[in-house]
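Numbering (my numbering), first residue to last: 384 to 625.
What follows is one structure encoded as structure tokens, with my remarks underneath.
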């Protein structure tokens, strides 16, 4: 609400009614907004940051408005999702946006498995408190197979781009901790990996709590045909990151 009022004041726009709609808003709140909209005939949604509805509340409200045959007119605005993609240097013809990187490890593991199969650029939001750990996680999972661009403070005065492998960017940010603040977008393209490694990682996730690394490596080597020592080193890096 604070930032929205600043923008409205700057352009000398004085709406009679301003209502707050956020993650805690309920069906009752939506009905109140729709009731008001029916009386005044027109209205708009403003986001406190970025483009409305892009990782921002409003989806259910728009759905309700559409069901009532109320015309929706989208207006282009600043969005870090598309702006960061355009400047990333990564493929723009095929991409996906997944919101914030998962906080739960098993969800992060699942996401990484899906990235191995996705032939395009994945766009992820991340906070300054977690950016280093997330890059470390991605580095452990993909190593040099991942091409990454980390975009900082997109469309703002301190906009910056850091490109390279997860490990390279992590190292740079650790050496320049004054840059670890603000809003971050991680864009990642994972190089195709042999299907046998995908199977190996899946087996590791299923057996890591039941067998030793040595035994898992032996089993995986026999199933996939990958050198046992190579598999062991890969799984060892996983366990160090757990």
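Ideal Cβ placement from N, Cα and C applies to all residues, glycine included.
Quiz item: DSSP on residue 396, reduced to helix/strand/coil?
Solution: The DSSP-derived three-state label of residue 396 is coil.
Exercise. Using alpha carbons as the reference points, say which of 569, 518, 621 and 572 lies closest to residue 551.
Key: When only C-alpha atoms are compared, the closest one is 518.
Self-check item: Sequence-distant residues of the same chain with beta carbon closer than 7 Å to residue 428, five excluded per side
Solution: Spatial neighbours of residue 428 in its own chain (CB-CB distance under 7 Å, excluding positions within 5 residues in sequence) are listed in chain order as 435 and 441.
Exercise. Quick one: give me the first and last residue of the alpha helix (DSSP H) that residue 501 is part of.
Key: Segment: none, residue 501 is in no alpha helix (DSSP H) and carries neither H nor E.
Quiz item: Around the Cβ of residue 448, are there at least 16 other Cβ atoms within 10 angstroms (buried) or fewer (exposed)?
Solution: Answer is buried; the Cβ neighbour count reaches 16.
Quiz item: Cβ atoms of residue 556 and residue 514: under 8 Å apart, would you say?
Solution: For residue 514 and residue 556, yes; Cβs fall inside 8 Å.
Exercise. Going by CA-CA distance only, name the one from 455, 542, 531 and 543 that's closest to residue 507.
Key: Here the closest residue by C-alpha is 531.
Quiz prompt | CA nearest to the CA of residue 511, picked from 490, 483, 523 and 472 | solution = Nearest to residue 511 by C-alpha distance, out of 490, 483, 523 and 472, is 483.
Quiz item: Looking at C-alpha atoms only, which residue of 545, 479, 522 and 573 is the closest neighbour of residue 499?
Solution: Comparing Cα positions, the closest option is 573.
Quiz item: Within this structure, are the beta carbons of residue 570 and residue 471 separated by less than 8 Å?
Solution: One thing to note: residue 570 has its Cβ within 8 Å of the Cβ of residue 471.
Self-check item: residue 479, enclosing beta strand (DSSP E) - first and last residue
Solution: Under the DSSP assignment, residue 479 falls in the beta strand (DSSP E) whose first and last residues are 478-483.
Quiz item: Once you ignore the five residues that flank residue 622 on each side, which residues in its own chain have a CB closer than 8 Å to its CB?
Solution: Listed in chain order, the non-local C-beta contacts of residue 622 below 8 Å within the same chain comprise 591 and 596, local neighbours out to five positions each way being set aside.
Practice problem: Compare the beta carbon distance of residue 533 and residue 567 with 8 Å and say whether it is the shorter of the two. | Solution: Note that the C-beta distance between residue 533 and residue 567 is below 8 Å.
Self-check item: residue 543, enclosing beta strand (DSSP E) - first and last residue
Solution: Its beta strand (DSSP E) spans residues 543-547.
Quiz item: Which same chain residues, not among the five before or five after residue 527, have their C-beta less than 7 Å away from its C-beta?
Solution: For residue 527, same chain residues with a beta-carbon under 7 Å away, outside a window of 5 residues either side, are 548 in chain order.
Quiz item: Helix, strand or coil for residue 446 per DSSP?
Solution: Helix, per DSSP.
Quiz item: Among 553, 523 and 404, which residue has its Cα nearest to the Cα of residue 431?
Solution: Ranking 553, 523 and 404 by Cα distance to residue 431 puts 404 first.
Quiz item: What number of angstroms, rounded off, separates the C-alpha of residue 612 from the C-alpha of residue 603?
Solution: Cα to Cα, residue 612 sits roughly 11 Å from residue 603.
Practice problem: Note down the Cα distance separating residue 413 from residue 589, rounded to an integer number of angstroms. | Solution: Cα to Cα, the separation comes out at about 44 Å.
Quiz item: Any Cβ of chain D within less than 8 Å of the Cβ of residue 531?
Solution: In summary, chain D is missing from the structure at hand, where a single protein chain is found.
Self-check item: Residue range of the unbroken beta strand (DSSP E) whose run includes residue 529
Solution: In this chain, the beta strand (DSSP E) harbouring residue 529 covers 529-535.
Self-check item: Proximity to residue 563 [Cα-Cα], best of 542, 396, 393 and 582
Solution: Ranking 542, 396, 393 and 582 by Cα distance to residue 563 puts 542 first.
Quiz prompt | Beta-carbon proximity of residue 580 to residue 600, cut-off 8 Å | solution = No, the pair does not count as a contact, with Cβ atoms beyond the cut-off.
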